[in-house]
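Written below as structure tokens is the structure these notes are about.
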Amino acid sequence: MSYEPIFAQFWESVKKSIQEGTYAKLTLAKTIGDTELKNIYIRPVLLDEGGFTLSVIARYKTEEVESFHSVEDAYAILFPYMNNPFLTALLFTTENDITFKLNKKRVASIIEQAPTFKNASDVIIEMKEKGMI
545 MSYEPIFAQF WESVKKSIQE GTYAKLTLAK TIGDTELKNI YIRPVLLDEG
595 GFTLSVIARY KTEEVESFHS VEDAYAILFP YMNNPFLTAL LFTTENDITF
645 KLNKKRVASI IEQAPTFKNA SDVIIEMKEK GMI
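When we follow this note's numbering, the leftmost residue of the sequence shown carries the number 545, and every step to the right adds one.
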């Protein structure tokens with residue numbers, strides 16, 4: 545069974561947390577073995593002309609590469625990294641922490657835990673103040 549439907553469900557939580565203003569941060573982590581790519585961090589960035597985009601920062605052993613994508617495009621960019629090389633995606637919100645996880649047999653699950661962060665990201669707070677969300 546493919547884990548894509550469960551990752552899609554996880555991504556709906558990401559979109560919902562942005563829309564509701566509870567998003568704190570998103571990280572892809574826990575690589576398989578020793579890989580060049582260590583983490584991917586996703587955070588919202590305000591645009592000068594209004595609106596926002598997502599900054600996707602890929603952290604390698606020797607460098608960081610940043611790219612910018614819409615919420616819809618970010619899904620297509622990030623999904624291929626699941627299972628190669630990442631086993632975990634962690635969404636931190638002010639309501640709860642949501643973890644997408646692949647086990648050794650590559651069976652996906654979503655786990656919800658108490659929130660790590662009390663405040664949304666600075667950009668999300670600014671978007672709320674400007675009435676964007």
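C-beta: ideal position from N, C-alpha, C; glycine also. All values reported here derive from a predicted model rather than from experimental measurement.
If you draw a straight line from the Cα of residue 606 to the Cα of residue 581, it is about 9 Å long. About 6 Å separates the Cβ atoms of residue 588 and residue 598, confirming a contact at the 8 Å cut-off. Bounds of the beta strand (DSSP E) holding residue 584 are 581-590.
Rounded to whole angstroms, residue 657 and residue 593 show a C-alpha spacing of 36 Å. In the three-state DSSP reduction, residue 548 falls in the helix class (H, G or I). Following the DSSP letters along the chain, one finds residue 602 inside the beta strand (DSSP E) bounded by residues 596-604.
Straight through space, the alpha carbons of residue 633 and residue 570 are spaced by roughly 7 Å.
One alpha carbon belongs to residue 671, the other to residue 662, and they sit about 17 Å apart.
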